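Enquirer: Quick one: the structure is below, questions incoming.
In my numbering, the protein residues as written are 48 to 290.
Pasting the structure below:
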């Protein structure tokens with residue numbers, strides 16, 4: 048089976064790679080076979096037995112629709128069924144009120160009347176061969192707008208996962224969040240909510256791993272055993288179906 052995960056940015060891209068390797072036993076294939084025609088997009092391939100997986104960073108929320116459309120076109124243009132992606136997963140941030148409705152509208156415009164994508168549910172898309180009017184192939188699509196229960200980003204979800212599992216760290220996160228909310232009242236540096244979210248994440252890890260804080264964020268993410276956090280496993284449980 049061939050699958051693809053489309054995510055929003057670098058944090059998602061790093062976490063999903065780590066999680067699929069650690070929690071679901073995928074191996075880095077050290078190659079890239081699918082690259083959307085978007086300058087900020089990056090991708091990586093993984094393998095597990097006879098299954099293959101591509102993880103794509105769209106390079107921002109605004110590019111999710113275009114990358115999804117390019118995957119749909121790729122499937123439609125593929126000559127052999129083995130070339131097509133059987134499962135497509137989209138992971139994106141629940142940034143603000145209306146985000147989920149906007150991404151659902153965008154994705155459903157891409158598939159037109161072929162099913163209806165919903166958050167946290169698989170949707171089967173069936174395609175017909177236009178020359179013979181017979182069934183050609185189907186693709187399953189899953190959308191995960193994270194976090195499910197509130198507005199925020201993947202960083203919000205990760206901090207919530209830590210808080211739910213560790214009372215001591217939950218208090219550190221609470222104090223760090225309060226500090227970030229009050230530290231820049233004129234919004235001179237934290238000019239929008241997305242930057243505040245990242246600052247809250249970085250404040251916590253400055254305390255948890257102070258000696259490593261000047262390393263790349265990707266390295267810090269890879270050094271946390273996210274597969275041991277129950278909330279992370281629960282949210283990403285559907286990814287087990289990729290192989």
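Where a beta carbon is used, it is the ideal one built from N, C-alpha and C, also for glycine. Note that the structure is a prediction, hence the values are computed from the model and not measured.
Can you look up residue 202 in the DSSP assignment and give me helix, strand or coil?
Expert: helix
Enquirer: Extract the residue ranges of the alpha helix (DSSP H) inside the segment 197 to 262, only unbroken runs of 4 or more that lie entirely within it.
Expert: 201 to 212, 214 to 230, 240 to 255
Enquirer: In whole angstroms, what is the alpha-carbon distance linking residue 103 and residue 287?
Expert: Here the C-alpha atom of residue 103 lies approximately 18 Å from the C-alpha atom of residue 287.
Enquirer: Considering just the uninterrupted stretch of the beta strand (DSSP E) at residue 104, what are its terminal residues?
Expert: Per DSSP, residue 104 belongs to the beta strand (DSSP E) from 98 to 104.
Enquirer: Count Cβ pairs between the segment 136 to 143 and the segment 105 to 122 that sit closer than 8 Å; are there 3 or more?
Expert: yes
Enquirer: Are residue 247 and residue 224 touching if we call contact CB-CB under 7 Å?
Expert: Going by C-beta atoms, residue 247 is nearer than 7 Å to residue 224.
Enquirer: Looking at residue 171 and residue 185, is the spacing between their C-beta atoms short of 7 Å?
Expert: Going by C-beta atoms, residue 185 is nearer than 7 Å to residue 171.
Enquirer: Going by other Cβ atoms of all chains shown within 10 Å of its Cβ, with 16 needed for buried, is residue 194 buried or exposed?
Expert: buried
Enquirer: If you count every other CB in all the chains shown that lies within 10 Å of the CB of residue 145, and 16 or more means buried, which is it?
Expert: Burial call: exposed.
Enquirer: With distances taken between CB atoms, is the gap from residue 51 to residue 135 smaller than 7 Å?
Expert: With respect to the 7 Å criterion, residue 51 and residue 135 are classified as neighbours on the basis of their beta carbons.
Enquirer: Relative to the alpha-carbon of residue 154, which residue among 254, 290, 206, 109 has its alpha-carbon at the smallest distance?
Expert: Scanning 254, 290, 206, 109 for the CA closest to the CA of residue 154 turns up 109.
Enquirer: Report yes if the CB atom of residue 265 is closer than 7 Å to the CB atom of residue 61, and no otherwise.
Expert: yes
Enquirer: Determine, using beta carbons only, whether residue 269 and residue 65 come nearer to each other than 7 Å.
Expert: yes
Enquirer: What whole-angstrom Cβ distance do residue 49 and residue 72 have, given they're in contact under 8 Å?
Expert: Residue 49 to residue 72, Cβ: 17 Å. No contact.
Enquirer: In angstroms, rounded to a whole number, what distance separates the CA positions of residue 240 and residue 126?
Expert: 45 Å
Enquirer: Please report the straight-line C-alpha distance between residue 292 and residue 129, rounded to a whole angstrom.
Expert: Residue 292 is absent from the model: the chain starts at 48 and stops at 290.
Enquirer: Go through its chain and collect everything with a Cβ distance to residue 242's Cβ below 8 Å, but skip five positions before and after it.
Expert: 236
Enquirer: According to DSSP, is residue 73 part of a helix, a strand, or is it coil?
Expert: Three-state DSSP puts residue 73 in coil, outside helix and strand.
Enquirer: CB residue 188 to CB residue 166, shorter than 7 Å?
Expert: no
Enquirer: Taking all protein chains shown into account, decide if residue 200 is buried (16 or more other Cβ within 10 angstroms of its Cβ) or exposed.
Expert: buried
Enquirer: Three-state secondary structure (DSSP) at residue 91?
Expert: Looking at residue 91 - three-state DSSP - the assignment turns out to be strand.
Enquirer: Helix, strand or coil, according to DSSP, for residue 116 in the structure here?
Expert: Helix at residue 116.
Enquirer: Let me make sure I understand the geometry here. Which of 267, 249, 156, 88 has the alpha-carbon closest to that of residue 227?
Expert: Residue 249 is the option with its Cα nearest to residue 227.
Enquirer: Using CA coordinates, which residue listed in 84, 80, 114 is at the minimum distance from residue 53?
Expert: 114
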